[in-house]
Structures are given as C-alpha cells and as structure tokens.
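> Encoded as structure tokens, here's the structure I'll be asking about.
In the working numbering, the protein residues as written are 427 to 675.
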C-alpha cells in the first residue's frame with residue numbers, strides 16, 4: 427500500500443509516495459526550498475509543487491514544524507511565518523490540493539511514529555524520546571509505544587535561550603561550530619531533557635543523523651542509550667503517510 431507523505435521544514439519541503447509495508451519511500455523524494463517568508467499561502471504552493479511532481483491523486487499526510495491540535499489547527503510557528511498561528515492547515519492545504527484528503531501533524535511526532543514502527547524505536551517500551559536536529563529541534567515523546575503529541579522540547583530553556591537556538595544544526599552552522607563544540611551543547615541539552623523525563627532511549631533524527639559518527643561518540647555522561655534514527659531524514663515523510671493511511675481507513 428502506498429500513501430503520499432510531505433515533510434514541511436524550515437529550509438525545505440520534501441515528499442514522496444511511501445510504501446507502508448516496508449516503511450520506506452516508494453520513489454526518490456522530491457524537494458523544494460521553503461519560501462521566505464514562509465506564509466501559509468506560499469508554503470501551500472510549495473506542497474502543491476511537491477505533490478504535483480508525482481501527479482498524486484490520493485490521500486496525503488503532511489507534517490508541520492509546530493504544534494498541531496485537532497489534526498488541523500496550527501498553534502505555534504517558531505521557524506515559519508507567524509501568520510500560520512490559528513490557521514486551519516487541513517482546510518488550507520486540502521483546498522490548495524484540489525480537494526485531496528489531507529492529514530496534518532507535528533513534524534517530529536511524524537518522525538517519531540515512523541521510527542517507533544520501522545526504525546530505531548521498534549519494540550522498545552518505557553520512555554523513548556526522538557529529537558530531530560535541523561533548523562530547530564523537534565521532539566516526540568513515547569510512553570510504552572504511545573505518542574504524547576506536541577511536546578516541543580526544543581523550546582526548553584538552556585543557558586537563558588530556547589534550546590534550539592543553542593543546539594540545533596542551524597546553530598552549529600550559523601556559529602561555525604566544530605563537531606566537538608556542538609556536541610558539548612547537545613550534551614548539555616540531552617542532560618537537561620534526561621533530568622526532566624528519564625528516558626531509556628534517545629533517538630537522534632533530522633538531517634544530521636546521517637553524520638551521527640561525527641558527534642554521537644563525543645556525547646558523554648548521559649545515562650540513556652543514544653542511537654541515530656534509522657530512517658534518517660525520511661522519517662517525517664514516512665510518519666506523515668502512516669498517519670494519513672490510518673485516518674483513511
């Protein structure tokens with residue numbers, strides 16, 4: 427069974443049909459740059475371009491980088507235009523896609539759902555936290571396999587700042603940090619999250635998970651097991667498609 431997944435990020439909008447039996451992309455993903463400013467209409471046009479690339483006409487799962495309540499209403503917009511707040515994303519995107527059935531959920535939640543089903547969190551019980559490092563830091567919290575949605579742990583305070591302003595991949599790039607320096611910031615962040623939630627497992631996702639060997643060995647003093655996401659930066663696409671398929675049943 428194939429369903430289309432789209433992952434809206436602060437820097438790019440990417441998507442592809444997903445093979446839900448394998449938990450992997452059925453075709454190579456297509457990506458467009460996230461418009462700036464990333465207003466609702468501009469982002470919706472980007473999503474339409476991604477889906478139009480494949481001529482897709484079925485259900486679509488779409489992630490959003492912020493809190494999504496009721497599967498539709500956007501409540502926060504840290505790395506896209508503030509005009510998204512209180513937008514009915516499902517209605518907007520469904521209309522822009524010509525009436526296709528649309529499902530919307532938080533981007534890190536989508537990545538987490540995919541990793542728990544097909545990746546590093548498969549068959550893991552207890553408290554598991556997936557963290558996506560990119561333009562910001564997304565989070566997905568699972569208790570015995572059940573998702574606690576919209577946790578937004580990237581906005582915990584760290585050294586007087588939103589944690590994602592200090593420890594995201596964007597912060598590393600903007601400040602030209604070495605892997606060693608950035609790993610120290612990530613370590614402080616993980617220690618803070620661990621103090622609050624005492625997870626058994628951290629799954630590190632986002633695009634930087636492809637380079638896990640460059641920084642994970644530098645992280646010390648964390649009690650929880652730390653592993654890279656197996657689906658890497660495709661996890662959000664897969665999780666979005668999974669949610670769309672579930673609601674289409």
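Idealized CB from N, CA, C, for every residue including glycine.
Smallest Cα separation from residue 532: which of 505, 524, 525?
Mapped onto the chain shown, residue 532 falls at position 106. The candidate whose alpha carbon is nearest that of residue 532 is 505.
> Does DSSP put residue 556 in a helix, a strand or coil?
For the purposes of this step, residue 556 is taken as residue 130 along the chain shown, with counting starting at 1. Three-state DSSP puts residue 556 in a strand.
> Between the stretch 535-544 and the stretch 655-665, are three or more C-beta pairs nearer than 8 Å?
The stretch 535-544 vs the stretch 655-665: in contact.
> Would you mind listing the alpha helix (DSSP H) stretches within the stretch 609-643 that are 4+ residues and don't spill past its ends, in chain order?
Taking only runs of at least 4 residues, the alpha helix (DSSP H) segments lying wholly in the stretch 609-643 are 638-641.
> By the 10 Å Cβ neighbour count, where 16 or more other Cβ atoms means buried, how is residue 667 classified, buried or exposed?
The residue given as residue 667 occupies position 241 in the chain shown. Residue 667 should be labelled buried.
> Considering just the uninterrupted stretch of the beta strand (DSSP E) at residue 512, what are its terminal residues?
Counting from 1 along the chain shown, the entry for residue 512 is found at position 86. No beta strand (DSSP E) contains residue 512, which DSSP labels as neither H nor E.
> Just checking my contact of residue 466 with residue 518 at CB under 8 Å: how many whole Å lie between their CB atoms?
Residue numbering aside, residue 466 sits at position 40 when the chain shown is read from its first letter. Residue numbering aside, residue 518 sits at position 92 when the chain shown is read from its first letter. The pair is a contact, with the Cβ atoms about 6 Å apart (cut-off 8 Å).
> When you compare only the Cα positions, how much space is there between residue 549 and residue 594?
Residue 549 sits at position 123 when you count from the first residue of the chain shown. Residue 594 sits at position 168 when you count from the first residue of the chain shown. Their backbone Cα atoms lie some 28 Å apart in a straight line.
> Do residue 486 and residue 451 come within 7 Å of each other at the CB atom, strictly closer than that value?
Looking up residue 451 in the chain shown gives position 25. Looking up residue 486 in the chain shown gives position 60. Not in contact: residue 451 and residue 486 (Cβ atoms no closer than 7 Å).
> Looking only at its own chain, which residues have a Cβ that is under 6 Å from the Cβ of residue 507, when we skip the five neighbours before and after it?
Numbered from 1 along the chain shown, position 81 holds the residue referred to as residue 507. The residues are 463, 464, 465.
> Below 7 Å between beta carbons: does that hold for residue 634 and residue 559?
As a position in the chain shown, residue 634 is number 208, starting the count at 1. As a position in the chain shown, residue 559 is number 133, starting the count at 1. Against a cut-off of 7 Å, the Cβ pair of residue 559 and residue 634 comes out as a contact.
> Please classify residue 672: is it buried, with 16 or more other beta-carbons within 10 angstroms of its beta-carbon, or exposed?
For the purposes of this step, residue 672 is identified with residue 246 of the chain shown, where counting begins at 1. The residue in question, residue 672, is exposed, as its Cβ has fewer than 16 Cβ neighbours within 10 Å.
> Are the stretch 579-592 and the stretch 608-625 touching by the rule of at least three beta carbon pairs closer than 8 Å?
Output reads yes: the stretch 608-625 touches the stretch 579-592.
> Is the beta carbon of residue 629 less than 7 Å from the beta carbon of residue 540?
Indexing the chain shown from 1 puts residue 629 at position 203. Indexing the chain shown from 1 puts residue 540 at position 114. The answer is no: Cβ separation not under 7 Å.
> Considering only residues of the same chain and omitting the five flanking positions on each side of residue 649, which have a CB-CB separation below 7 Å?
For this step, residue 649 is matched to residue 223 along the chain shown. Only 620 meet the Cβ criterion.
> Quick check: the Cα distance between residue 513 and residue 441, rounded to an integer number of angstroms?
Stepping through the chain shown from its first residue, residue 513 is reached at position 87. Stepping through the chain shown from its first residue, residue 441 is reached at position 15. Cα-Cα distance, rounded: 22 Å.
> Starting from the C-beta of residue 552, find all residues in its chain whose C-beta is less than 6 Å away, skip the five residues before and the five after it, and write them out in chain order.
By 1-based counting over the chain shown, the position of residue 552 is 126. Only 626 meet the Cβ criterion.
> When burial is assigned at 16 or more other CB atoms within 10 Å of the CB, is residue 654 buried or exposed?
Within the chain shown, the letter at position 228 stands for residue 654. Buried, because 16 or more other Cβ atoms sit within 10 Å of the Cβ of residue 654.
> Could you pull out every residue in the same chain whose Cβ sits closer than 8 Å to the Cβ of residue 427, ignoring the five residues on either side in sequence?
For the purposes of this step, residue 427 is taken as residue 1 along the chain shown, with counting starting at 1. Result list for residue 427: 445, 446, 447, 671, in chain order.
> So which of 453, 636, 589, 434 has the shortest CA-CA distance to residue 490?
Within the chain shown, residue 490 is the residue found at index 64, counting from 1. Measuring from the Cα of residue 490, the nearest candidate turns out to be 434.
> Could you work out which residue in 528, 480, 472 is closest to residue 499 when comparing CA atoms only?
Position 73 of the chain shown, counted from the start, is the residue given in the question as residue 499. Ranking the options by Cα distance to residue 499, first place goes to 528.
> Using beta-carbon positions only, say whether residue 563 and residue 606 come within less than 7 Å of one another.
Residue mapping note: residue 563 aligns to position 137 of the chain shown, counting from 1. Residue mapping note: residue 606 aligns to position 180 of the chain shown, counting from 1. No, the Cβ-Cβ distance between residue 563 and residue 606 is not below 7 Å.
> Measure the C-alpha to C-alpha separation of residue 478 and residue 438 and round it to an integer number of angstroms.
Within the chain shown, the letter at position 52 stands for residue 478. Within the chain shown, the letter at position 12 stands for residue 438. Between residue 478 and residue 438, the C-alpha separation is close to 16 Å.
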